[in-house]
Amino acid sequence: MKRWHHYLSLPHQFGADPDDGIGCDCVIMVWNVLRDAGVDHPHYDESWLKMAACGEWAALKQQWLERTKPCPQQEYALTLFEEPGHLGLGIIVDEGLLFPHHKRGVHWLPNKKVANREYRTFR
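Here the sequence shown is numbered in the numbering used here, starting from 81 and rising by one per residue.
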């Protein structure tokens, strides 16, 4: 069952599980989408939220690079958003990019609008 449609417009909220319908954390959202689709993925590591809360962005990015490899823009490919003071994660689902914007909430954009991003998949 694909529940990602219910995530649209939820506000970005650090640590929030979008399945609860209140807010959306990007990492939890991506893990939920992968789980619902039956896609193999690593176990969710709660230390990532602790690292993010402490602003350990370089260490988080290093883990991202070590645990993923480049891939084409394809279903369930992931992309990293880098902004000053935070990182974000999005996922390709139903031919578009699903991501929680830190100010505008969860959005979905068609692949053609986000074709220039770097996409990765788990090793």
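Quick reminder that beta carbons are idealized off the backbone N, C-alpha and C, glycines included.
Everything numeric in this text was worked out from a predicted model, so none of it was measured.
Reference residue i; option with closest CA among the options
i, options, result
"Thr148", "Asp105, Arg200, Gly185", "Arg200"
"Ile108", "Lys141, Glu146, Asp120, Pro98", "Pro98"
"Lys193", "Gly185, Phe202, Glu175", "Glu175"
"Gln143", "Leu160, Gly185, Gly170, Ala117", "Leu160"
"Asn191", "Glu155, Phe202, Arg203", "Glu155"
Whole-angstrom C-beta distance between residue j and residue i, which should lie under 8 Å
i, j, result
"Leu189", "Val113", "15 Å between Cβ atoms; not a contact."
"Trp111", "His121", "7 Å"
"His237", "Gly101", "Because residue 237 is not part of the residues shown, which for the chain are 81 to 203, the question remains open."
Buried versus exposed, by CB contacts within 10 Å (16 or more), residue i
i, result
"Ala195", "exposed"
"Leu145", "exposed"
"Ile172", "buried"
"Pro180", "buried"
"His92", "buried"
"Gly118", "exposed"
"Gly170", "buried"
Rounded C-alpha distance that separates residue i from residue j
i, j, result
"Gly168", "Cys106", "6 Å"
"Cys151", "Ala139", "22 Å"
"Arg226", "Arg83", "No answer is possible for residue 226: the residues shown for the chain start at 81 and end at 203."
"Arg197", "Tyr124", "24 Å"
"His187", "Ser127", "26 Å"
"Lys183", "Ser89", "11 Å"
"Pro164", "Gln153", "25 Å"
"Leu129", "His166", "12 Å"
"Ala132", "Arg203", "22 Å"
"Leu158", "Lys141", "13 Å"
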